[in-house]
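If you read the sequences in order, they're chains Y and Z. Numbering of the first sequence is given in the working numbering, commencing with residue 1 and proceeding in unit increments. Numbering of the second sequence is given in the working numbering, commencing with residue 373 and proceeding in unit increments. Positions of the beta carbon are idealized from the N, C-alpha and C atoms, including for glycine. Since this is a predicted model, take the numbers as computed values, not measurements. Worksheet: one structure, shown below.
Number of protein chains: 2
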Amino acid sequence: MEVQERAFRLQAAGRDIIHMEIGQPDFGAPPQVVETAHQALGSQRLGYTSALGLPELREAISRFYADRHGVRVPAERIAVTTGSSGAFLLALGSLLDPGDELLLPDPSYPCNRHIARAFEARTVALPVDHRTGYQPTPEQVRRAWTSQTRGLLLASPSNPAGTTIADRELAAMVDTVRSLGGFILVDEIYQGLTYGPAPHSALHLGDDVIVTNSFSKYFGMTGWRLGWVVAPTELMREMEKLAQNLYVSPPSLSQYAALAAFRPDTLALLDERRDEFRRRRDLLVPALRDIGFSVPLVPQGAFYVYAGCEQFSPDSHALAFDLLEQAGVALTPGMDFGSHQASAHLRFAYTCSMDRIEEALNRLDRRLKSRL
Amino acid sequence: MEVQERAFRLQAAGRDIIHMEIGQPDFGAPPQVVETAHQALGSQRLGYTSALGLPELREAISRFYADRHGVRVPAERIAVTTGSSGAFLLALGSLLDPGDELLLPDPSYPCNRHIARAFEARTVALPVDHRTGYQPTPEQVRRAWTSQTRGLLLASPSNPAGTTIADRELAAMVDTVRSLGGFILVDEIYQGLTYGPAPHSALHLGDDVIVTNSFSKYFGMTGWRLGWVVAPTELMREMEKLAQNLYVSPPSLSQYAALAAFRPDTLALLDERRDEFRRRRDLLVPALRDIGFSVPLVPQGAFYVYAGCEQFSPDSHALAFDLLEQAGVALTPGMDFGSHQASAHLRFAYTCSMDRIEEALNRLDRRLKSRL
């Protein structure tokens, strides 16, 4: 966040900054969604909706799971939320009590950790690196599990590494957590942005698996603040109460507009955008390696590369500021995602055009050579 | 909430239900706001905004305080939030630690109590009734204050009673809380809907007073999920971090649209709507008294009447269900707002037209007479 603030300040002062620190797609909402929003503005009063969201949107998400993922998830188990942040508020708020422990990988997306702590739970970091695809192993989970541990939070694809967890490994992890009597929550916010074979949702593995997702990334609707959570039936009543108390209901216009997100023509457009992200990845990863960054694994999803930068500096935070000030390229230092090997890593977000990525690579190359 | 669920179920089954249980204005957003939303949809990418909201909206709120309330509040002390729920999340999240005590009146709006509890604070109820305008007194606060108490939460106008706290009494309360070393948070969500002389914001009383407000009630933008909080400068950084972690940023389109909420023509329209609410109040209060409800105080604001119903039943919850099933009028039982004299009260929301209010009064009169 510090880098981003400084980047916008430099930009406001007239500097040309290439933003590779922002976890936000550059395409905006699909035109079908925008058009549906116009219609809803003209025809709906936009009052509160049900706390768990419009029934027809919950149904649309249910059909999406059936059509795209081949998994049956009744609408009653789906809560539409205020962003995926809202999904985590409901899931962690209904699952965690003060003093409970939640396991999660380090590095990982920091807000989820903070939401768990807002409910006075303790988060326990499982250090991960490229050797396990930046995903924890069942063995790690078993070792870290205590009488206070309530569950495990994973993300596939992960942020910051963009790595996915293989079906078989996820199944083993679900079995492990089940045998320990805990819950598993899989953050699938980047699932639509997976570049290999069609991904499976963790929901395949049983009705006890909890999954969060969002309209922000694959669907390009960041500022619309809309996400969802799929949970076991017995959690829904508690999550409904939490939603009523914490935010009343998700934004109404966003919900009406999101009904257009699942139309075949919208999905076709979104898949084209996903392919553009893949082309950016295919440009970025080899070029970063050429410059001298260490990228041991090609990320399979999201729009991030988590690159080792020890070759250039022992302190990725200082390096990020140097590259921002001297090369005009904004990157996120590893410390934003945890502490494990954080000072040896930078996260690159390929949420800008191919041209800008190429320009960024040239600038980085020049600056890093001049530092040697 | 139970009554509301049942009311919508009956309606879906074909019954004509008069909704006087809903805390939502029936006018919808002003056309100026809707038009501005159309424009923003066509011209903005609607990505995340700053966590504390669009700078130009924070400036607009600051000017609104200067123009309408004659109080200087710099934009830096204003955070735009996801509904007033978001305002409470930021304020209470940054002010309360586990085990801290928060004083609040009983009856009062239940969600704020639940948000305080989500942060593992203890809420301590101050029983209030018509004799003090449903507002606590400095003496009550002093008696309830312990070493664990961190602050006091008030609402003016209050929900469910619609009563305001007089300037002099609020000043005395602020002094009391200051002398005890605590914070005071004044919920001004219904302030725009005050029917007497122009209300003063509690912000007049010092830069240490915290105020929450919303675009949902006076501005008619419930489903847009937009509110704000004004806080001392030293809290803003902590609230910014909380906003980033708990919901990233408030809905973007709602923020752009809300820029039109402060235009003179919009405010003129909103003041007309406020006058319509006053006419409804002036119809409802005497009619309820005629039927036999006890309404010792004429509410000065909001769109609620908190009416005593002991004449008809010792159990307002059972009575609410009886009146829903037998008369098709949905009301909120006192237990939704606390426990003090809760079974002796029903809340009437005059968020439906004069015609419907008259019809409701006829039905209630018939049903209650038949029960005698």
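### Query
Unbroken beta strand (DSSP E) runs of length 3 or more, entirely within the stretch 223-263 of chain Y: which are they?
227-230
### Query
Which of the residues in the stretch 32-43 of chain Y, read from start to end, lie with their CB under 7 Å from any CB of chain Z?
Val34, Ala37, His38 and Leu41
#### Entry: Residue environment, Arg367(Y), which counts as buried when at least 16 other CB atoms sit within 10 Å
Locating residue 367(Y) in the first sequence gives position 367, counting from the first residue. Result: buried.
### Query
Buried or exposed: which applies to Arg430(Z), given that a residue is buried once 16 or more other Cβ atoms fall within 10 Å of its Cβ?
In the second sequence, counting from the first residue as 1, residue 430(Z) sits at position 58. Buried, since its Cβ has 16 or more Cβ neighbours within 10 Å.
### Task
Rounded to whole angstroms, what's the CA-CA distance from Ile537(Z) to Gln507(Z)? Just pull it up for me.
Counting from 1 along the second sequence, the entry for residue 537(Z) is found at position 165. Counting from 1 along the second sequence, the entry for residue 507(Z) is found at position 135. C-alpha of Ile537(Z) to C-alpha of Gln507(Z): approximately 7 Å in a straight line.
### Query
Which of the residues in the stretch 487-500 of chain Z, read from start to end, lie with their CB under 8 Å from any CB of chain Y?
Ile487, Ala490, Phe491 and Glu492
#### Entry: Buried or exposed by the 16-neighbour rule on C-beta atoms within 10 Å, applied to Gly181(Y)
Mapped onto the first sequence, residue 181(Y) falls at position 181. Burial call: exposed.
#### Entry: Stretch pair the stretch 226-246 of chain Y + the stretch 6-17 of chain Y: three plus CB contacts closer than 8 Å
no
#### Entry: Length of the line joining the Cα atoms of Gly70(Y) and Asp207(Y)
Taking the first sequence and counting its residues from 1, one reaches residue 70(Y) at position 70. Taking the first sequence and counting its residues from 1, one reaches residue 207(Y) at position 207. When rounded, the separation of the alpha-carbon atoms in Gly70(Y) and Asp207(Y) is 14 Å.
### Helix, strand or coil at Val73(Y) according to DSSP, with G and I counted as helix
Residue numbering aside, residue 73(Y) sits at position 73 when the first sequence is read from its first letter. Coil.
#### Entry: Backbone secondary structure at Pro296(Y) - three-state DSSP
The residue given as residue 296(Y) occupies position 296 in the first sequence. Three-state result, Pro296(Y): coil.
### Rounded distance between the beta-carbons of Arg652(Z) and Met593(Z), thought under 8 Å
Position 221 of the second sequence, counting from 1, holds the residue named residue 593(Z). Position 280 of the second sequence, counting from 1, holds the residue named residue 652(Z). Actually they do not touch by this definition, with Cβ atoms about 20 Å apart.
### Task
Starting from Pro477(Z), follow the beta strand (DSSP E) in both directions and report where the run begins and ends.
To locate residue 477(Z), count along the second sequence from 1; it is residue 105. Residues Glu473 to Asp478.
### Message
Tell me the rounded alpha-carbon separation between Leu424(Z) and Ile450(Z).
### Response
As a first step, residue 424(Z) must be located in the second sequence, where it is residue number 52. As a first step, residue 450(Z) must be located in the second sequence, where it is residue number 78. Distance between the alpha carbons of Leu424(Z) and Ile450(Z) is about 8 Å.
### Query
Is Gly455(Z) close to chain A, meaning its C-beta is less than 9 Å from at least one C-beta of that chain?
Reference to chain A is not applicable here, since the protein chains of this structure are Y and Z.
### Query
Can the beta-carbon of Gln244(Y) be found closer than 9 Å to that of Met608(Z)?
For the purposes of this step, residue 244(Y) is identified with residue 244 of the first sequence, where counting begins at 1. For the purposes of this step, residue 608(Z) is identified with residue 236 of the second sequence, where counting begins at 1. In this structure, Met608(Z) does not lie closer than 9 Å to Gln244(Y) by Cβ.
### Neighbourhood of Val657(Z) by C-beta distance below 7 Å, restricted to the same chain and skipping five residues each side
Your numbering for residue 657(Z) matches position 285 in the second sequence. Here the set comprises Val667, Val670 and Val677.
### Task
Could you name the residues that DSSP lists as bridge partners for Arg347(Y)?
For the purposes of this step, residue 347(Y) is identified with residue 347 of the first sequence, where counting begins at 1. Per DSSP, Tyr306(Y) and Thr332(Y).
### Query
To which residues does DSSP link Ala527(Z) through a beta bridge?
For the purposes of this step, residue 527(Z) is taken as the residue at position 155 of the second sequence. Answer is Asp559(Z), bridged to Ala527(Z).
### Task
Could you name the residues of the same chain whose beta carbon sits closer than 6 Å to that of Met433(Y), not counting the 5 residues immediately before and after it, in chain order?
Since the first residue of chain Y shown is 1 and the last is 372, residue 433(Y) is not available in this structure.
#### Entry: Beta-carbon proximity list for Val248(Y), same chain, < 8 Å, skipping 5 on both sides
If you number the first sequence from 1, residue 248(Y) lands on position 248. Result list for Val248(Y): Tyr48 and Ala51, in chain order.
### Query
Is any beta-carbon of chain Z found at less than 9 Å from that of Asn245(Y)?
Taking the first residue of the first sequence as position 1, residue 245(Y) is located at position 245. Answer yes: the Cβ-Cβ gap between Asn245(Y) and chain Z drops below 9 Å somewhere.
### Query
Is it true that the CB of Phe684(Z) sits closer than 9 Å to the CB of Phe709(Z)?
Here residue 709(Z) refers to the residue found at position 337 of the second sequence. Here residue 684(Z) refers to the residue found at position 312 of the second sequence. No.
### Query
How many Å lie between Thr454(Z) and Gln300(Y) at the Cα?
The residue labelled residue 454(Z) in the question sits at position 82 within the second sequence. The residue labelled residue 300(Y) in the question sits at position 300 within the first sequence. Going by the C-alpha atoms only, they are around 34 Å apart.
### Query
When the Cα of Ile210(Y) is compared with those of Ser254(Y), Pro314(Y) and Asp187(Y), which residue comes out closest?
Mapped onto the first sequence, residue 210(Y) falls at position 210. For the residues Ser254(Y), Pro314(Y) and Asp187(Y), the minimum Cα distance to Ile210(Y) belongs to Asp187(Y).
### Task
Return helix, strand or coil for Ala732(Z), following the three-state DSSP convention.
The residue you call residue 732(Z) lines up with position 360 of the second sequence. Three-state DSSP puts Ala732(Z) in a helix.
### Message
Give me the chain Y residues within the contact set of Gly534(Z), using Cβ-Cβ distance strictly less than 7 Å, ordered along the chain.
### Response
Start at 1 with the first residue of the second sequence, and residue 534(Z) comes out as number 162. Ordered by position in chain Y, no residue passes the 7 Å Cβ test against Gly534(Z), which lies about 20 Å from the chain.
### Message
Quick check on His19(Y): does DSSP put it in helix, strand or coil?
### Response
What you label residue 19(Y) is simply residue 19 of the first sequence in a count that begins at 1. Here His19(Y) sits in strand by DSSP.
### Task
With 9 Å as the threshold, decide whether the Cβ of Met608(Z) is near any Cβ in chain Y.
Here residue 608(Z) refers to the residue found at position 236 of the second sequence. So no, Met608(Z) is outside the interface.
### Task
Determine the chain Z residues that contact Val416(Y) at a beta-carbon separation under 7 Å, and present them in chain order.
With chain Y represented from 1 up to 372, any question about residue 416(Y) goes unanswered, as that position is not in the structure.
### Query
Touch check for the stretch 188-203 of chain Y and the stretch 151-170 of chain Y: three-plus C-beta pairs under 8 Å?
yes
### Query
So does Tyr134(Y) have its beta carbon nearer than 8 Å to some heavy atom of the ligand MN?
Here there are no bound small molecules, and the ligand MN is not part of this structure.
### Message
For a test of the three-state rule: what should DSSP assign to Ser586(Z), helix, strand or coil?
### Response
Stepping through the second sequence from its first residue, residue 586(Z) is reached at position 214. Of the three classes helix, strand and coil, the one that applies to Ser586(Z) here is strand, per DSSP.
### Message
Measuring straight from C-alpha to C-alpha, what distance separates Gly14(Y) and Glu325(Y)?
### Response
Position 14 of the first sequence, counting from 1, holds the residue named residue 14(Y). Position 325 of the first sequence, counting from 1, holds the residue named residue 325(Y). If you take the alpha carbons of Gly14(Y) and Glu325(Y), they lie about 13 Å apart.
#### Entry: Cross-strand partners of Ile450(Z) (DSSP beta bridge)
Locating residue 450(Z) in the second sequence gives position 78, counting from the first residue. Answer by DSSP bridge pairing, in chain order: Val602(Z).
### Message
Going by beta-carbon coordinates alone, are Phe634(Z) and Ala459(Z) separated by less than 9 Å?
### Response
Here the question's residue 634(Z) lines up with position 262 in the second sequence. Here the question's residue 459(Z) lines up with position 87 in the second sequence. No, the pair does not count as a contact, with Cβ atoms beyond the cut-off.
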